[in-house]
Amino acid sequence: MKEILLKTDSLSKSFSTGGALQHVLKNIDLKLYKGDFTVIMGASGAGKSTLLYALSGMDTPTLGTITFAGKEISGYSPDRLAVFRREHCGFVFQQIYLIDGMSVMDNVLSAGLLVNKNKKALLERAGKLFQEVGISEETQKKFPTQISGGEAQRAGIVRGLINNPEILFADEPTGALNSKTGLDVLDTLTRFNEQGQSLVMVTHDMRSARRGNRILYLKDGVILGECDLGRYVSGDPNRHQKLSAFLEEMGW
C-alpha cells in the first residue's frame, strides 16, 4: 500500500474581488502519495496554481485542513510555514527566479544554507545534482544571464532539490522553454521521480502531463476526475491515447 505523504480535508480557498467573494477551491479532499508524479491539469482559472500553493504551504486555505506526513500544517503561522517549506518542500517555477548577481552555484548554495550550515556537505550534494542534470563546473561559475533558459531551469531544479525535500512542486516548469529544452527539463524531472522523488506538477501541456503517473483534472475549484497512467514509459502510444481520452471526457 502506498504511503500517504500529504492530504487535504474539505480544502477551500476564497478571495474577495471588488467586494464579491470568489471561491477558487471548493471542499477538496485529496491524498498525495510518496513517490508519485502527480500532475494537476485544467483550464485557465480552474484553481490549479492556487491548489499547488495551498498544498505547499505558500498560501493558507480559507477553510479545511492540510496534513503533511501526519502533521497538520494548515494552522501554522507564516514563520512556521516558511520553515516547513525550506525543510520539506522544493519548488520549480515557470519563471526561474535565479538571482542575477550570484553565480549559478551560489544561487543553489544560498537556498541550501537556509537549512544546512555545512557548506562542504552542500557543495558535495550540489556537485552531484549538477552532474545529474548535465550542468558543467564551468557553467556553475557563470551568472544566470550568461546561460541558456534550459540550463537555468535545470539549475532551478537543483536549487529545488538541494535540501533533499520530501516533495518537489513544479508550476508550469516548461512553460517558458522551447520544445527541445522543455524536453530536457521533463527528462530531468522524470529521472528524479524514478529515483523516488515525489513530484506535483501543474501544467497545460499534454507532453508534460504524460510524464505523470497520476493526473488530476481541476474544474471550477473542484477535482472533476483523475486518471492513472502508471509509470512513464518512453514512446508508449497507449499512454497518449489514454490521457487524450480522459481529457476529452473532462471537457479539455
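For the sequence shown, counting from 1, position 125 maps to 125 in UniProt numbering; every step adds exactly one.
Just so you know, even glycine gets a beta-carbon here, dropped at the ideal spot from N, CA and C.
Per the Cβ contact rule, the region 90 to 107 is in contact with the region 136 to 145 (3 or more Cβ pairs under 8 Å). Less than 7 Å divides the Cβ of Phe91 from the Cβ of Gly160.
A Cβ-Cβ separation of about 21 Å leaves Gly42 out of contact with Tyr232 under the 8 Å criterion.
For Ser198, the enclosing beta strand (DSSP E) covers residues 198 to 202. Between the alpha carbons of Ser208 and Pro173 lies a distance of about 9 Å. Gln153 sits in a helix when the DSSP states are folded into three classes. For Ser10, the closest of Ile135, Val202, Gly221, Thr145 by C-alpha to C-alpha distance is Gly221. The beta carbons of Leu168 and Gln197 sit closer together than 7 Å. In the three-state scheme derived from DSSP, where H, G and I count as helix and E and B as strand, Asn164 is classed as coil. Listed in chain order, the non-local C-beta contacts of Glu72 below 8 Å within the same chain comprise Thr65, Ile66, local neighbours out to five positions each way being set aside. Secondary structure note for Gln140: its alpha helix (DSSP H) is the uninterrupted segment 137 to 140. As computed with DSSP, Ser16 is found in a beta bridge with Leu21. In the three-state reduction of the DSSP assignment, Phe68 falls in the strand class.
In terms of Cα proximity to Leu6, the closest of Gly45, Leu51, Ala46 is Leu51. The beta-bridge partner set that DSSP reports for Glu226 consists of Leu216. Looking at the DSSP output, Gly90 bridges to Leu168.
If you draw a straight line from the Cα of Pro78 to the Cα of Ser56, it is about 13 Å long.
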